[in-house]
Amino acid sequence: MSPNTYAAPCALLLAALSVSPALAQTAPQDAPAVDLGEVIVTGARNPEDPPIVAEARRRLSRTPGAVAVVSAESLETRYAPNIADVLRDVPGVYAQKKWGGDVRISIRGSGIGQSVHLRGLFVSQDGIPFNEADGFGDVQMVDPLLARFTEVYKGGNALRFGGALLGGAVNLATPNGGTVEDTATLRADFGSWRTGRLHAEVGGVRGDWDGFIGVTGATAEGWRDQSDGQQQYITANIGRSFGEDREARLIVQGAYIHQQIPGSLTLAQALDTPEMAAAANVANDYQRDYASVRTTLSTRWRLSSSLLFEGAIYGTWKDLHHPIFQVIDQQSRNYGAFGRFDWEGQLFGMRADAFGGAWYRVGDLDAQQFVNVGGSSGARTARARQNAAALDVFAEGRLFVTDQVALVVGGAWGRAERDFQRFALPGVAGTFDQTLGKDYEWFAPRLGVLWEGASGAQAYANVTRSIEPPNFGSLSPTAGGFAPIEAQEAWTWEAGVRGRTDRLSWDVAVYRADLDQELLNFIVNPALGIPAATFNAGPTVHQGIEAGLDWRFAPGWRLRQTYTLSDFFFENDPAYGDHDLPLVPPHLYRAELRYDHPSGWFIAPSVETTPSDTWVDYANTLKAPGYTILNLGAGWNITPRASLFIDARNLTDERYVSNFGAVTDARVASTAVFWPGEGVSAFVGLRFAL
Numbered sequence: 046m047s048p049n050t051y052a053a054p055c056a057l058l059l060a061a062l063s064v065s066p067a068l069a070q071t072a073p074q075d076a077p078a079v080d081l082g083e084v085i086v087t088g089a090r091n092p093e094d095p096p097i098v099a100e101a102r103r104r105l106s107r108t109p110g111a112v113a114v115v116s117a118e119s120l121e122t123r124y125a126p127n128i129a130d131v132l133r134d135v136p137g138v139y140a141q142k143k144w145g146g147d148v149r150i151s152i153r154g155s156g157i158g159q160s161v162h163l164r165g166l167f168v169s170q171d172g173i174p175f176n177e178a179d180g181f182g183d184v185q186m187v188d189p190l191l192a193r194f195t196e197v198y199k200g201g202n203a204l205r206f207g208g209a210l211l212g213g214a215v216n217l218a219t220p221n222g223g224t225v226e227d228t229a230t231l232r233a234d235f236g237s238w239r240t241g242r243l244h245a246e247v248g249g250v251r252g253d254w255d256g257f258i259g260v261t262g263a264t265a266e267g268w269r270d271q272s273d274g275q276q277q278y279i280t281a282n283i284g285r286s287f288g289e290d291r292e293a294r295l296i297v298q299g300a301y302i303h304q305q306i307p308g309s310l311t312l313a314q315a316l317d318t319p320e321m322a323a324a325a326n327v328a329n330d331y332q333r334d335y336a337s338v339r340t341t342l343s344t345r346w347r348l349s350s351s352l353l354f355e356g357a358i359y360g361t362w363k364d365l366h367h368p369i370f371q372v373i374d375q376q377s378r379n380y381g382a383f384g385r386f387d388w389e390g391q392l393f394g395m396r397a398d399a400f401g402g403a404w405y406r407v408g409d410l411d412a413q414q415f416v417n418v419g420g421s422s423g424a425r426t427a428r429a430r431q432n433a434a435a436l437d438v439f440a441e442g443r444l445f446v447t448d449q450v451a452l453v454v455g456g457a458w459g460r461a462e463r464d465f466q467r468f469a470l471p472g473v474a475g476t477f478d479q480t481l482g483k484d485y486e487w488f489a490p491r492l493g494v495l496w497e498g499a500s501g502a503q504a505y506a507n508v509t510r511s512i513e514p515p516n517f518g519s520l521s522p523t524a525g526g527f528a529p530i531e532a533q534e535a536w537t538w539e540a541g542v543r544g545r546t547d548r549l550s551w552d553v554a555v556y557r558a559d560l561d562q563e564l565l566n567f568i569v570n571p572a573l574g575i576p577a578a579t580f581n582a583g584p585t586v587h588q589g590i591e592a593g594l595d596w597r598f599a600p601g602w603r604l605r606q607t608y609t610l611s612d613f614f615f616e617n618d619p620a621y622g623d624h625d626l627p628l629v630p631p632h633l634y635r636a637e638l639r640y641d642h643p644s645g646w647f648i649a650p651s652v653e654t655t656p657s658d659t660w661v662d663y664a665n666t667l668k669a670p671g672y673t674i675l676n677l678g679a680g681w682n683i684t685p686r687a688s689l690f691i692d693a694r695n696l697t698d699e700r701y702v703s704n705f706g707a708v709t710d711a712r713v714a715s716t717a718v719f720w721p722g723e724g725v726s727a728f729v730g731l732r733f734a735l
């Protein structure tokens, strides 16, 4: 990138650094008292966050790195059908919808080349992963309405989950009878493309017991052809208290998702005829059908005034019917257990706290493939079984060497196992018996420093090692065995500031990750839907700036801004030299100006823009154009228990590309890899609470 590329973001960072201490000390004298030590800024700040969310912020504020919390309250006045809408205001998170609930998520360039599903990021609910045991995952099972709040741990800051991935972790917390704000809630959303969604929940506490049950049903024809879809979700959460901060809890979740797949297009098609579907997707009725059940038995147990234990055992089952170039038919079972101790006290006469624990998980997946006959299964062509296991042991501690400065030391030891078995099919040419296996081991240390000012503002710096062992898709077993793919490694340096006053919240981080053996992908034949191939790159660098500013500049007025600079590139690569890495836009800026009238109505125009074009190929010969999207939100509190909102998007009907897959060299490779962004739309929501 040229020096001018950094001018605006550096100015923004310097401004935040220069004003934060001053603003922390110049709040109006008549401002209400705020316990600034209890909270940190997030990308979806809500001044009326309840105590359960404030406690999550307090816990995350112990981390000497970039973290965020998104409350359920921030979703009540807008349409948020998938995890991309939940994370839209968290700086540093690239989350863009492709179709239906399929979302590309990348934090600091994690899984940057993964064209399908999820890699390089841990996504969970109550610590129970949506990822398979080998790390491969999918976020279509996430229902934003069945989360009390969402935690984001960027990069190496996910050590609390045993995480050692470049991207970190996103964890959703399930509501329970004690954390819901209302005894019962009914919500209805409807709008463009025959979209309809109903959600109902009820919860409460009786004696030592609490309970919650929530259900969601949704349907939509979709903006593009071949985009019909429906989803059903249910969550039941039953808890039993045994005294203060002691409980046992059973959570059962079920989901069913049916979604047609419109497919990716050429750049010209995506911009000129974006509503069309890829011809192969229509002819063979590409779709993805999921059914899933997740069960968790967990406990939170206060052992003493200074020691708390949290742990769980869980099991998940998933069935996938996935007609694409062939019909993929899979059933997977994943089991696991984790335990974590949290301690607060004194060490050598100084204030200290620490956590530590272990997480074990194992999964098996039965995979079959069939000839795709118009979306139905024809003759069977392949059968295999994948078994994966992993163990993480982790710990982190803080020691306050002064009243304001803490030194942080931590680390995680991990082991991952990959076992693959292929079966010969009688009468099917090219099938054969085969057994493969590979193991990985690593240690990922972490060092950091955290400063806490008297006003509650914080500054931090840290260095963390991350490891990502390849999943089965990356290992691509063939007759010759596993592909010669090594684990991805990285060292990430990070520094930042965060804090809030009654009028301003700020959260600014800078980072640089030096990667070795980065797992990159490119589309082999997107017209046929053949999955991406994986290779280990030479040295690569991911660096950037993540900034969030939330300013209440007058009564009723709030300006929220988030900006992300992503500068990812090869470093003296034999094939690509110092070329930029594709996929994640260099600049991503979002802003919302909201006015809340005392009588109960609000209006909130917003903008999302990627002002620079984004490279599509590793050879840097083709770019996807930048775009600017204008949106408008508005709402009205009809009664204290009933509210209405309107969420209008892409008001100018901008033709743009939301995201795409990477190719090696666009001059010689197929470039039907683009997913068009949705056109102008509007959604209305009604919410009733008891």
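Start counting the sequence shown at 46; every next residue gets the next number (this note's numbering).
Virtual Cβ for every residue (Gly too), placed ideally from N, Cα, C.
Notebook entry, point to check: Can you check whether the CB of G259 is closer than 9 Å to the CB of T280?
Noted result: Residue mapping note: residue 280 aligns to position 235 of the sequence shown, counting from 1. Residue mapping note: residue 259 aligns to position 214 of the sequence shown, counting from 1. Closer than 9 Å, so yes.
Note to self: Using a Cβ distance threshold of 8 Å, determine whether the region 163-180 contacts the region 617-628, with at least three qualifying pairs required.
What the structure shows: A contact between stretches requires three or more CB pairs, one per stretch, nearer than 8 Å, and the region 163-180 fails this requirement with the region 617-628.
Check: Would you say T340 and Y359 are within 9 Å of each other, going by their C-beta atoms?
Finding: Numbered from 1 along the sequence shown, position 295 holds the residue referred to as residue 340. Numbered from 1 along the sequence shown, position 314 holds the residue referred to as residue 359. Result yes, Cβ atoms of T340 and Y359 sit closer than 9 Å.
Check: For N695, which residues from the same chain have a beta carbon less than 8 Å from its beta carbon, with the 5 sequence-adjacent residues on both sides left out?
Finding: Within the sequence shown, the letter at position 650 stands for residue 695. Cβ neighbours of N695 beyond the five flanking positions: I674, L675, N676, G722, E723, G724, V725 and S726.
Item checked: Ranges of the beta strand (DSSP E) found wholly within the region 655-689, counting only runs of at least 3 -> 672-684
Next item on the list: Check V131 in the structure and name its three-state DSSP category.
Entry: Within the sequence shown, numbered from 1, the residue matching residue 131 stands at position 86. Correct three-state label for V131: helix.
Notebook entry, point to check: From P189 to V131, what distance separates their C-alpha atoms?
Noted result: Counted from its first residue, the sequence shown places residue 189 at position 144. Counted from its first residue, the sequence shown places residue 131 at position 86. One C-alpha to the other measures close to 7 Å.
Check: Quick one, which of I97, A669 and A178 has its alpha-carbon nearest E226's?
Finding: What you label residue 226 is simply residue 181 of the sequence shown in a count that begins at 1. That would be I97, whose Cα lies nearest to the Cα of E226.
Next item on the list: Reducing DSSP to helix, strand and coil, say where V98 ends up.
Entry: The count along the sequence shown starts at 1 and reaches residue 98 at position 53. The answer is helix: DSSP assigns V98 an H, G or I state.
Margin query: What would DSSP say about A499, mapped onto helix, strand or coil?
Written below: Taking the sequence shown and counting its residues from 1, one reaches residue 499 at position 454. Three-state DSSP puts A499 in coil, outside helix and strand.
Margin query: Need the endpoints of the beta strand (DSSP E) that F383 sits in, please.
Written below: In the sequence shown, counting from the first residue as 1, residue 383 sits at position 338. Counting along the chain, the beta strand (DSSP E) containing F383 begins and ends at V372 to L392.
Check: Going by the CB atoms, is the gap between V197 and V138 shorter than 9 Å?
Finding: Translated into positions along the sequence shown, residue 138 becomes position 93. Translated into positions along the sequence shown, residue 197 becomes position 152. In this structure, V197 lies closer than 9 Å to V138 by Cβ.
Check: With 16 other CB atoms within 10 Å as the buried threshold, where does W254 fall?
Finding: Locating residue 254 in the sequence shown gives position 209, counting from the first residue. Looking at its Cβ environment, which holds fewer than 16 other Cβ atoms inside 10 Å, W254 is exposed.
Notebook entry, point to check: Do F719 and L310 have their C-beta atoms within less than 9 Å of each other?
Noted result: Walking along the sequence shown from the start, residue 719 turns up at place 674. Walking along the sequence shown from the start, residue 310 turns up at place 265. The answer is yes: Cβ separation under 9 Å.
Check: Is A717 buried or exposed, if buried means 16 or more other CB atoms sit within 10 Å of its CB?
Finding: The count along the sequence shown starts at 1 and reaches residue 717 at position 672. By the neighbour-count rule (16 or more Cβ atoms within 10 Å), A717 is buried.
Next item on the list: Classify A72 as helix, strand or coil using the three-state DSSP reduction.
Entry: If you number the sequence shown from 1, residue 72 lands on position 27. Its pLDDT being 36, under 50, A72 is placed unreliably in this model, and the value from its coordinates should be taken loosely. If DSSP states are grouped into helix, strand and coil, A72 belongs with coil.
Margin query: Under DSSP, the beta strand (DSSP E) around Q326 begins and ends at which residues?
Written below: In the sequence shown, residue 326 corresponds to position 281, counting from 1. For clarity, residue 326 is Asn in the given sequence; the question names Gln instead. Per DSSP, N326 belongs to no beta strand (DSSP E); it is in the alpha helix (DSSP H), A324 to A328.
Next item on the list: Determine the direct distance from the alpha carbon of W404 to that of A433, and round the result to whole angstroms.
Entry: In the sequence shown, the residue the question calls residue 433 occupies position 388. In the sequence shown, the residue the question calls residue 404 occupies position 359. So the alpha carbons of these two residues sit roughly 14 Å apart.
Margin query: At the level of alpha carbons, what is the spacing between P471 and L365?
Written below: By one-based count along the sequence shown, residue 471 stands at place 426. By one-based count along the sequence shown, residue 365 stands at place 320. Rounded to whole angstroms, P471 to L365 spans 24 Å at the Cα level.
Item checked: Span of the alpha helix (DSSP H), counted from its first residue to its last, around F517 -> Within the sequence shown, the letter at position 472 stands for residue 517. F517 to L520 is the span of the alpha helix (DSSP H), which, as asked, contains F517.
Checklist line | Beta-carbon gap between D398 and R107 smaller than 9 Å | finding: As a working note, residue 398 is residue 353 in the sequence shown. As a working note, residue 107 is residue 62 in the sequence shown. Yes. Within cutoff.
Notebook entry, point to check: For Q533, which three-state DSSP category applies?
Noted result: Within the sequence shown, residue 533 is the residue found at index 488, counting from 1. Q533 falls in the strand class under three-state DSSP.
Notebook entry, point to check: Is it right to say R732 is buried, meaning 16 or more other beta carbons lie within 10 angstroms of its own, or is it exposed?
Noted result: Taking the first residue of the sequence shown as position 1, residue 732 is located at position 687. Buried is the call here.
Notebook entry, point to check: Once you ignore the five residues that flank L735 on each side, which residues in its own chain have a CB closer than 8 Å to its CB?
Noted result: Within the sequence shown, the letter at position 690 stands for residue 735. So the list reads D227, T228, A229, T230 and R686, once near-sequence residues are dropped.
Check: What beta strand (DSSP E) runs, 3 residues minimum, are completely inside the region 262-337?
Finding: Listed in chain order, the complete beta strand (DSSP E) runs (minimum 3 residues) inside the region 262-337 are 274-286 and 291-305.
Item checked: Residue burial classification, G560 (beta-carbon count within 10 angstroms, cutoff 16) -> Position 515 of the sequence shown holds residue 560. Going by the sequence as given, residue 560 is Leu instead of Gly. Flag for L560 reads buried.
Item checked: Own chain, CB closer than 7 Å to N665, minus 5 neighbours either side, in chain order -> Sequence index remark: in the sequence shown, residue 665 carries index 620 (1-based). Excluding sequence neighbours, N665 sits near H624 and D625.
Item checked: Rounded straight-line distance, which links the Cα of Q159 to that of V713 -> Looking up residue 713 in the sequence shown gives position 668. Looking up residue 159 in the sequence shown gives position 114. Spanning the two alpha carbons is a distance of roughly 21 Å.
Next item on the list: Report all residues from its chain with a CB closer than 6 Å to the CB of Y301; omit the five preceding and five following residues, and keep chain order.
Entry: One-based indexing of the sequence shown puts residue 301 at position 256. Contacts found: Q277 and A336.
Checklist line | Where the beta strand (DSSP E) containing F445 begins and where it ends | finding: Counted from its first residue, the sequence shown places residue 445 at position 400. Annotation for F445: the continuous beta strand (DSSP E) segment containing it runs S421 to F445.
Check: So A469 and T476 are in contact, right, with Cβ under 8 Å, and what is the actual spacing, rounded?
Finding: In the sequence shown, counting from the first residue as 1, residue 469 sits at position 424. In the sequence shown, counting from the first residue as 1, residue 476 sits at position 431. Right, the Cβ-Cβ distance comes to about 5 Å (below 8 Å), so this counts as a contact.
Notebook entry, point to check: Once you ignore the five residues that flank G145 on each side, which residues in its own chain have a CB closer than 6 Å to its CB?
Noted result: Translated into the one-based positions of the sequence shown, residue 145 becomes position 100. Exclusion of the five residues before and after G145 leaves G274 and Q304 as the residues of its chain whose Cβ lies within less than 6 Å of its Cβ.
Checklist line | Rounded Cβ spacing between L565 and A582 (contact assumed at less than 8 Å) | finding: Working through the sequence shown from its first residue, we reach residue 565 at position 520. Working through the sequence shown from its first residue, we reach residue 582 at position 537. Contact holds; Cβ gap of about 5 Å.
Checklist line | L352: first and last residue of the uninterrupted beta strand (DSSP E) it sits in | finding: In the sequence shown, counting from the first residue as 1, residue 352 sits at position 307. L352 to P368 is the extent of the beta strand (DSSP E) around L352.
Next item on the list: Could you tell me which residues DSSP pairs with M186 in its beta bridges?
Entry: Reading the sequence shown from its first residue, position 141 is the one you call residue 186. M186 pairs with nothing; no bridge assigned.
Notebook entry, point to check: Who does V553 pair with in a DSSP beta bridge?
Noted result: Walking along the sequence shown from the start, residue 553 turns up at place 508. Partner(s): V542 and A592.
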